[in-house]
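The opening residue of the sequence shown carries number 1 in full-length UniProt numbering; numbering runs sequentially from there.
Accompanying notes for the structure given below.
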Amino acid sequence: MNPSRLFTASCAALITTAMSFAIRGGATGDWIAQFNLTNEQAGWVNGTAFWGFTLAMMFGGPLVDTLGFKKILGIAFVGHLAGILLTIFAWDFWSLFAGTLLFGIANGSVEAACNPLVATLYPKDQTTKLNHFHVWFPGGIVIGGLLAFVFAKMGLGWQAQFATMLIPLAAYGFMFMGQALPQTQRVQRGESTGSMFAACVAPGFILMVACMLLTAATELGSGQWIPNILSHAGVSGILVLVWINGIMAVGRMFAGPFVHKLSPIGMLVMSAILSTLGLYAMSHSTGNMLFAAATVFAFGVCFFWPTMVGYVAENYPKTGALGMAIIGGAGMLSVSFVLPIIGRWYDAGIAARMPVGEAPTGDALATIQSAAGLQALGQVAVLPVVLTVVFILIAVMKKKPAAAAH
């Protein structure tokens with residue numbers, strides 16, 4: 001077994017997953033025009049990637065222990081290949097929907113296998129290594145976003161952009177091929193399946209699942225709509241997304257000192273506060289100030305996902321691969337619902353601003369779309385407000401036993 005190669009292969013698989021989010025976000029406007037979709041329909045197409053992800057996590061997570069990492073990763077590879085090809089050759093709403101669903105199932109299979117794989121490879125440094133692994137989610141979005149921007153400038157369509165994902169797909173398939181993979185930590189410890197399921201109904205674990213619904217919706221719900229919304233606001237929406245995820249990638253790479261200084265729950269409190277401020281500022285900004293607001297938002301959502309997974313791995317270890325699957329699946333499920341909701345807010349905001357009579361076009365229409373879209377992002381800010389309160393309460397409750405011990 002080669003832990004370094006397995007970790008690198010896991011990162012390549014996550015890059016494939018993440019590139020799809022950026023390229024899909026950049027292609028949304030083209031899909032709306034080419035297939036005559038509403039913003040809400042586009043939200044349903046993009047949203048299916050997230051509930052497809054959830055399906056794979058929920059079924060794949062418990063099966064990692066019995067089927068092993070290799071079979072789940074095989075499902076990921078086949079799903080990615082089929083999803084890429086079906087999307088490239090899509091002809092209507094339903095073919096886009098089906099291609100995105102297959103991609104979502106593949107993405108969920110990557111997360112279901114690779115989170116416990118990384119935790120198994122590095123049992124003494126789980127939160128830090130999971131942050132290092134999750135560098136490549138924003139890192140992959142940066143790669144996909146830059147490719148989408150450059151390809152668009154070159155006049156190459158979204159189909160060509162989707163084809164670029166075949167490169168990291170081939171890379172992770174090759175790196176996993178022929179490698180011996182370990183058993184999960186739970187299997188190595190000899191813990192029963194029953195104890196794993198029992199641990200997943202602990203009140204503290206259920207609370208973290210509820211929090212994951214909101215952290216994922218804050219990060220990915222907003223992120224998936226940002227390219228489309230900000231493209232009407234006088235900046236390149238895809239470049240703003242690249243900027244956000246570049247900051248996130250760097251932050252996660254250097255997560256270790258933050259984890260040791262703040263503790264995971266302290267990081268989550270800080271993340272929720274900055275996410276709130278970033279979304280609020282973005283909803284009241286224009287032009288280059290959007291980059292400043294996006295910077296605050298990026299520092300906010302930077303540590304959300306890997307710290308939530310790491311917190312569960314360290315505080316509820318008996319939940320095993322199932323616990324990680326439930327956390328990740330809950331997050332993606334919430335995004336699948338919030339994307340069309342944001343799209344509906346977006347449509348409603350546009351309709352409310354439309355003048356009576358002749359429909360505006362050009363700059364006048366872009367101004368209306370910009371205001372409506374930024375207002376929709378501002379509405380998402382209520383989620384991290386709730387998270388701030390909950391995480392502070394958890395932090396206070398965790399300190400009480402320590403104080404009592406003194």
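Where is the CB? At the ideal position from N, CA and C, for every residue including glycine.
Being a predicted model, the structure only gives us computed values, none of them experimental.
Among residues of its own chain, excluding the 5 on either side of Cys302, which ones have a beta-carbon nearer than 6 Å to its beta-carbon?
Mapped onto the sequence shown, residue 302 falls at position 302. So the list reads Met248, Gly251, once near-sequence residues are dropped.
Determine, using beta-carbon pairs with one atom in the segment 227-236 and one in the segment 359-374, whether at least three such pairs fall under 8 Å.
Cβ pair count under 8 Å is three or more, so yes.
Could you pull out every unbroken alpha helix (DSSP H) segment of at least 4 residues lying fully inside the segment 71-157, listed in chain order?
For the segment 71-157, whole alpha helix (DSSP H) runs of length 4 or above, ordered along the chain, are 93-121, 126-133, 136-153.
Kindly indicate which three-state DSSP category Leu310 falls into: helix, strand or coil?
Your numbering for residue 310 matches position 310 in the sequence shown. Checking the sequence, you will find Gly at residue 310 rather than Leu. Reduced to three states, the DSSP call for Gly310 is helix.
Check whether the Cβ of Phe205 lies closer than 7 Å to any heavy atom of the ligand GTP, and answer yes or no.
This structure simply doesn't include the ligand GTP, nor any ligand for that matter.
Taking the alpha carbon of Asn315 as the point to measure from, which residue in Ser222, Gly25, Met208, Lys129 has its own alpha carbon closest?
By 1-based counting over the sequence shown, the position of residue 315 is 315. Of Ser222, Gly25, Met208, Lys129, the residue nearest in Cα terms is Met208.
Can you name, in chain order, every residue of its own chain whose Cβ lies under 7 Å from the Cβ of Ala403, other than the five neighbours on each side?
Stepping through the sequence shown from its first residue, residue 403 is reached at position 403. The predicted position of Ala403 is uncertain, since its pLDDT is 49 and thus under 50; no value can be drawn from it.
For the alpha helix (DSSP H) that contains Tyr346, what are its first and last residues?
The count along the sequence shown starts at 1 and reaches residue 346 at position 346. First-last of the alpha helix (DSSP H) with Tyr346: 320-353.
Can you find at least 3 beta carbon pairs, one from the segment 140-151 and one from the segment 20-29, that sit closer than 8 Å?
With the cut-off at 8 Å, the segment 140-151 and the segment 20-29 touch.
Which residues mark the beginning and the end of the alpha helix (DSSP H) in which Ala292 is found?
Residue numbering aside, residue 292 sits at position 292 when the sequence shown is read from its first letter. Run containing Ala292: 289-301, per the alpha helix (DSSP H) assignment.
What's the gap between the Cα of Phe197 and the Cα of Leu213?
What you label residue 197 is simply residue 197 of the sequence shown in a count that begins at 1. What you label residue 213 is simply residue 213 of the sequence shown in a count that begins at 1. If you take the alpha carbons of Phe197 and Leu213, they lie about 20 Å apart.
Should His284 be labelled buried (16 or more other beta-carbon atoms within 10 Å of its own) or exposed?
Position 284 of the sequence shown, counted from the first residue, corresponds to residue 284. It is exposed - the Cβ of His284 has fewer than 16 other Cβ atoms within 10 Å.
According to DSSP, is Phe162 part of a helix, a strand, or is it coil?
Translated into the one-based positions of the sequence shown, residue 162 becomes position 162. Looking at Phe162 - three-state DSSP - the assignment turns out to be helix.
Note down, in chain order, each residue of its chain lying with its Cβ closer than 6 Å to the Cβ of Gly173, except the 5 sequence neighbours on either side.
As a working mapping, residue 173 is identified with position 173 in the sequence shown. Once the five neighbours on either side are set aside, the close Cβ partners of Gly173 are Phe77.
Can you tell me whether Thr361 is buried or exposed? The criterion is at least 16 other CB atoms within 10 Å of its CB, across all chains shown.
Counted from its first residue, the sequence shown places residue 361 at position 361. When all chains shown are included, Thr361 counts as exposed.
How about Leu156 and Ile84: are their beta carbons less than 8 Å apart?
Stepping through the sequence shown from its first residue, residue 156 is reached at position 156. Stepping through the sequence shown from its first residue, residue 84 is reached at position 84. Not in contact: Leu156 and Ile84 (Cβ atoms no closer than 8 Å).
Quick one: Cα of Ala405 to Cα of Leu393, how far?
Looking up residue 405 in the sequence shown gives position 405. Looking up residue 393 in the sequence shown gives position 393. Caution applies to Ala405, whose pLDDT of 47 falls short of 50 and renders its modelled position unreliable; the value that the coordinates give is listed next. Answer to the nearest angstrom: the Cα atoms are 19 Å apart.
Does DSSP classify Ala403 as helix, strand or coil?
Residue mapping note: residue 403 aligns to position 403 of the sequence shown, counting from 1. Bear in mind that a pLDDT of 49 at Ala403, under 50, signals an unreliable position, so the model cannot answer this.
Thinking just about the alpha-carbon of each residue, which of Cys200, Lys398, Gly221 is nearest to the one in Arg344?
For the purposes of this step, residue 344 is identified with residue 344 of the sequence shown, where counting begins at 1. Among Cys200, Lys398, Gly221, the Cα nearest to that of Arg344 belongs to Gly221.
Hey, quick one: how far does the alpha helix (DSSP H) through Gly246 stretch, first residue to last?
Position 246 of the sequence shown holds residue 246. Per DSSP, Gly246 belongs to the alpha helix (DSSP H) from 237-253.
Figure out for me which residue from Gly68, Val242, Leu101, Phe97 has the closest Cα to the Cα of His80.
To locate residue 80, count along the sequence shown from 1; it is residue 80. Ranking the options by Cα distance to His80, first place goes to Leu101.
Thinking C-alpha only, which one of Met282, Ala293, Val335, Met58 is nearest Cys211?
Position 211 of the sequence shown, counted from the start, is the residue given in the question as residue 211. Minimum Cα distance to Cys211 is reached at Val335.
Assuming Asp92 contacts Phe133 under a Cβ cut-off of 8 Å, what Cβ separation, rounded to an integer in Å, is found between them?
Here residue 92 is taken as the residue at index 92 of the sequence shown, counted from 1. Here residue 133 is taken as the residue at index 133 of the sequence shown, counted from 1. Not quite, the Cβ-Cβ distance comes to about 37 Å (not below 8 Å), so this is no contact.
Kindly confirm or deny that the segment 371-382 and the segment 345-355 touch, where touching means at least three C-beta pairs closer than 8 Å.
At 8 Å Cβ cutoff, the stretches touch.
May I ask which residues mark the beginning and end of the alpha helix (DSSP H) holding Gln375?
The sequence position of residue 375 within the sequence shown is 375, counting from 1. Note, Gln375: alpha helix (DSSP H), 362-380.
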